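Participant:
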Amino acid sequence: MEVKFDISNAELTDSDKDIIKSSLGLTNNVELKKSLEKIAKASFLEYRKMFIERGVPTKADEVLQEKLFYLIKHYFIEKLPTEAGISTIFQLTPSSSKTLLKNTISRYRIHLEEIIRNSIKEVLGDIERTDDKVKIVIQSDNIKDQINMVIAQKKPTLKKLISVKSSAGQYECPKDTFAFLESEFL
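In our numbering, the protein residues as written are 1140 to 1325.
(1) Can you check DSSP and say which residues form a bridge with Gln1278?
(2) Determine which residues share a DSSP beta bridge with Tyr1186 and list them.
(3) Taking DSSP's pairing of strands, which residues face Ser1302 in a bridge?
(4) Determine contact between the segment 1162 to 1176 and the segment 1185 to 1200, defined as no fewer than three beta-carbon pairs at a distance below 8 Å.
(5) What does the Cβ neighbour count give for Phe1183, buried or exposed, with the cut at 16 atoms within 10 Å?
(6) If we ignore side chains and look at the alpha-carbon of each, how far apart do Ile1266 and Phe1190 end up?
(7) Flag this pair as yes or no: are the beta carbons of Arg1256 and Phe1324 separated by less than 8 Å?
(8) Report yes if the C-beta distance between Ile1228 and Ser1162 is below 8 Å; otherwise report no.
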């Protein structure tokens, strides 16, 4: 079913559009329109769930988790957002965004399984090999934690990813750990 609606200039001013474009990292109105269509779908599905299933979550954290879940499924689609992206959209601190993403992953793990895998595949596809280690850039602590969880669950004798000193988002692991990750995800 196709659903369309119009938003007046009073409801969404040019200033509002500029703020939204900036928050979402968009450069033009065509990208904005496409993004708003995805966000509107996520919002509609959230309301559909409220009408059909079990009403509205009662705790503020659950409301945010549900909103983030629908944005992941219908706006970000292929991969998890970074904590920085969540901070921008939800106006949260980085630590609150990290917690929100962690709790959303935990609550909706089964529904997000493929998206989590895609996110891991993406970071594992861009590496730097040295003689004995592999360096990986990861912009999300939650992705790093998901990778380390897989290592701990499936190959606990391997070393987990560790932060490279003086780096904000670069991690390293031994080659045998990376070989395992390649076999799991690539």
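Virtual Cβ for every residue (Gly too), placed ideally from N, Cα, C.
Quick caveat, the model's predicted, so the values are computed rather than measured.
Facilitator: Per the coordinate set shown:
(1) For the purposes of this step, residue 1278 is identified with residue 139 of the sequence shown, where counting begins at 1. For Gln1278, which the question treats as bridged, DSSP gives no partner whatsoever.
(2) Within the sequence shown, residue 1186 is the residue found at index 47, counting from 1. Its beta-bridge partners do not exist; DSSP assigns none.
(3) Locating residue 1302 in the sequence shown gives position 163, counting from the first residue. Under the DSSP definition of a beta bridge, Ser1302 partners with Tyr1310.
(4) The segment 1162 to 1176 and the segment 1185 to 1200 do not touch, with fewer than 3 CB-CB distances between them shorter than 8 Å.
(5) For the purposes of this step, residue 1183 is identified with residue 44 of the sequence shown, where counting begins at 1. Exposed: under 16 other Cβ atoms inside 10 Å.
(6) As a working mapping, residue 1266 is identified with position 127 in the sequence shown. As a working mapping, residue 1190 is identified with position 51 in the sequence shown. So the alpha carbons of these two residues sit roughly 46 Å apart.
(7) Within the sequence shown, numbered from 1, the residue matching residue 1256 stands at position 117. Within the sequence shown, numbered from 1, the residue matching residue 1324 stands at position 185. Yes, these two residues count as a Cβ contact at 8 Å.
(8) What you label residue 1228 is simply residue 89 of the sequence shown in a count that begins at 1. What you label residue 1162 is simply residue 23 of the sequence shown in a count that begins at 1. Less than 8 Å separates the beta-carbon of Ile1228 from that of Ser1162.
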